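Heads up: the sequence shown begins at 0 in numbering that gives the first Met the number 0, then just goes up one per residue. Report on the following structure.
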Amino acid sequence: MIEFPNGRIEAEKSRFSAEPEGFPTLNPAKKIACIVLPTYNEAESIPRLLPLIFRESENIPTHELHVLVVDDNSPDGTGECVRSAMRLYPRLHLISGEKRGLGEAYKRGISHAMATLAPDLILQMDADFQHDPALLPQFVRLCNQGYDLAIGSRFVMGTDIEGLAWHRKFISVGGTKLVRWFSGIPPVTDCTSGYRCIRAKLIAKCDFGPYSTRGYSFQSWFLCELLKNGARYVEIPLPFPTRLYGHSKLTFRDKVEFLVCLFHLPKWKPGPAQELERIRESSPAVSVAEHLPTEVGSHAQK
């Protein structure tokens, strides 16, 4: 079972079981899909983003959509904006804590969501409007079709990434190549993407104990850990528009941590049923090209 810095999920259940604010009685007829949304100084964007997210609930008939905002004590009042919005959206939740990096925020948020909501799906998303909420139904639909992990990729052929500056593109493409080389994972086109949908039962198998990342390198570490645990995954095009609010929070320290993290990435070994499937079109009626990895060892003989 996954262990986070705050302790095991069982301990989290005890800690949060008596906390009523933001956690209404769940609808037992539907499974839960929870977006974990880290924020720091997003007071300008979060009031505009939340209505767009919850509007997509109508297009996700199989799941009850929840949003858990993980705010790192933003000095601009992001937490207060979320608390105000909670009066309008009963499935909006908030936890706050010390600013310790994106990775730590995700670990805390995922742990909290799994302990309090028992979700079927966990989604990762940014709050700066570079991740389009309109893609949420497609992510959920793909996981309903049997995938454990759906990845929004900025580098699938034909994707519009006008909002990605050349130096950020260089870092992201180069980082993806390094992650694939050091970990041995299949040719995922975007290993640092922050827009994903993950089956929660797969997260429960992950182990972040031996080497825990705090910053943006968490994304590549998490991806490798999921694949190591047998994730069946798919990539979909992620258009990347020009940033409307805020600024990039990628620091020099994050870049150094990423390089160090490469030497500690979980190593991937192919299984007989693991596949890489890429969606070439962004419409709901998508075409899928299937790529099967070469089976090795005993699997090749079956």
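Beta carbons: idealized from backbone N, C-alpha and C, even for Gly. Values in this document were obtained by computation on a predicted structure and should not be read as measured data.
Beta carbon of I202 nearer than 8 Å to that of I121: Residue 202 sits at position 203 when you count from the first residue of the sequence shown. Residue 121 sits at position 122 when you count from the first residue of the sequence shown. Contact flag set, yes.
Local conformation of R90 per DSSP, three classes: As a working note, residue 90 is residue 91 in the sequence shown. R90: coil per DSSP, three-state reduction.
When R86, Y88, V69, H130 are compared against G100, the one with the closest alpha-carbon: Start at 1 with the first residue of the sequence shown, and residue 100 comes out as number 101. Checking every option, the nearest Cα to that of G100 belongs to V69.
Cutoff 8 Å; reference K30; Cβ partners in own chain excluding five residues on either side: Here the question's residue 30 lines up with position 31 in the sequence shown. Excluding sequence positions up to five before and after K30, its CB lies within less than 8 Å of the CB of T61, H62, E63, P118, D119, L120, all in the same chain and listed in chain order.
Rounded C-alpha distance that separates S131 from A199: As a working mapping, residue 131 is identified with position 132 in the sequence shown. As a working mapping, residue 199 is identified with position 200 in the sequence shown. Position check: residue 131 holds Asp in this sequence, whereas Ser was assumed. A straight-line Cα-Cα distance of about 22 Å links D131 and A199.
Sequence-distant residues of its chain with Cβ nearer than 6 Å to I150 (five each side left out): Residue mapping note: residue 150 aligns to position 151 of the sequence shown, counting from 1. S192, R195, E234, listed in sequence order.
P60, DSSP secondary structure in three states: Locating residue 60 in the sequence shown gives position 61, counting from the first residue. Here P60 sits in coil by DSSP.
Q137, buried or exposed, once every other Cβ within 10 Å from all chains shown has been counted against 16: Locating residue 137 in the sequence shown gives position 138, counting from the first residue. Q137 is classed as buried because its beta carbon has at least 16 other beta carbons within 10 Å across all chains shown.
Reduced DSSP category for V66 - H, G, I as helix; E, B as strand; rest coil: Indexing the sequence shown from 1 puts residue 66 at position 67. DSSP, read as helix, strand or coil, puts V66 in strand.
Short Cβ contact (8 Å threshold) for D147 with A230: Locating residue 147 in the sequence shown gives position 148, where the first residue counts as 1. Locating residue 230 in the sequence shown gives position 231, where the first residue counts as 1. Pairing D147 with A230 gives a Cβ-Cβ distance under 8 Å.
Beta carbon of F154 nearer than 8 Å to that of V178: In the sequence shown, the residue the question calls residue 154 occupies position 155. In the sequence shown, the residue the question calls residue 178 occupies position 179. No. Outside cutoff.
Buried versus exposed call for R47 [16 or more other C-beta atoms within 10 Å across all chains shown]: Position 48 of the sequence shown, counted from the first residue, corresponds to residue 47. Burial check for R47: the Cβ neighbour count within 10 Å stays below 16, so the residue is exposed.
Member of S56, I197, T77 whose CA lies at the smallest distance from the CA of Q144: Here the question's residue 144 lines up with position 145 in the sequence shown. Answer by Cα proximity: I197.
Close-in-space but distant-in-sequence residues of the same chain around G174 (CB under 8 Å, 5 per side omitted): Numbered from 1 along the sequence shown, position 175 holds the residue referred to as residue 174. C190, T191, S219, F257, listed in sequence order.
One or two residues paired with L148 in a DSSP bridge: Taking the first residue of the sequence shown as position 1, residue 148 is located at position 149. Partner residues in the beta bridge of L148, as assigned by DSSP, are I197, Y232.
Counterpart residues of A32 in DSSP-defined beta bridges: Within the sequence shown, the letter at position 33 stands for residue 32. Note: A32 sits in a beta bridge opposite L64, L120.
Burial state of K227 (16 or more Cβ within 10 Å): If you number the sequence shown from 1, residue 227 lands on position 228. In this structure K227 is buried. Its beta-carbon is surrounded by 16 or more other beta-carbon atoms within 10 angstroms.
For S95: DSSP bridge partner residues: Your numbering for residue 95 matches position 96 in the sequence shown. Note: S95 sits in a beta bridge opposite D70.
Contact under 8 Å by Cβ, I184 with L135: As a position in the sequence shown, residue 184 is number 185, starting the count at 1. As a position in the sequence shown, residue 135 is number 136, starting the count at 1. Against a cut-off of 8 Å, the Cβ pair of L135 and I184 comes out as no contact.
P37 - DSSP class collapsed to helix/strand/coil: Residue 37 sits at position 38 when you count from the first residue of the sequence shown. Reduced to three states, the DSSP call for P37 is strand.
Nonlocal neighbours in the same chain, by C-beta distance under 6 Å from S83, ignoring five residues either side: Stepping through the sequence shown from its first residue, residue 83 is reached at position 84. Answer for S83: no residue qualifies.
Range of the contiguous alpha helix (DSSP H) that encloses K227: For the purposes of this step, residue 227 is identified with residue 228 of the sequence shown, where counting begins at 1. Here the alpha helix (DSSP H) through K227 covers 217 to 227.
V35 versus P186, L261, L91, residue with shortest Cα-Cα distance: To locate residue 35, count along the sequence shown from 1; it is residue 36. Proximity to V35 across P186, L261, L91 peaks at L91, based on C-alpha coordinates.
Proximity of F181 and L264 at Cβ, strictly below 8 Å: In the sequence shown, counting from the first residue as 1, residue 181 sits at position 182. In the sequence shown, counting from the first residue as 1, residue 264 sits at position 265. Yes, the Cβ-Cβ distance between F181 and L264 is below 8 Å.
From Y39, H65, N40, residue whose alpha carbon lies closest to that of L51: Residue 51 sits at position 52 when you count from the first residue of the sequence shown. Taking each of Y39, H65, N40 in turn and checking the Cα distance to L51, the smallest one comes out for H65.
Three-way DSSP call (helix, strand, coil) for G102 in this model: As a position in the sequence shown, residue 102 is number 103, starting the count at 1. G102 falls in the helix class under three-state DSSP.
Alpha-carbon spacing of A42 relative to K268, whole angstroms: Here residue 42 refers to the residue found at position 43 when the sequence shown is read from its first residue. Here residue 268 refers to the residue found at position 269 when the sequence shown is read from its first residue. Their Cα atoms are separated by approximately 43 Å.
Proximity below 8 Å, CB of K98 to CB of D75: Counting from 1 along the sequence shown, the entry for residue 98 is found at position 99. Counting from 1 along the sequence shown, the entry for residue 75 is found at position 76. Not closer than 8 Å, so no.
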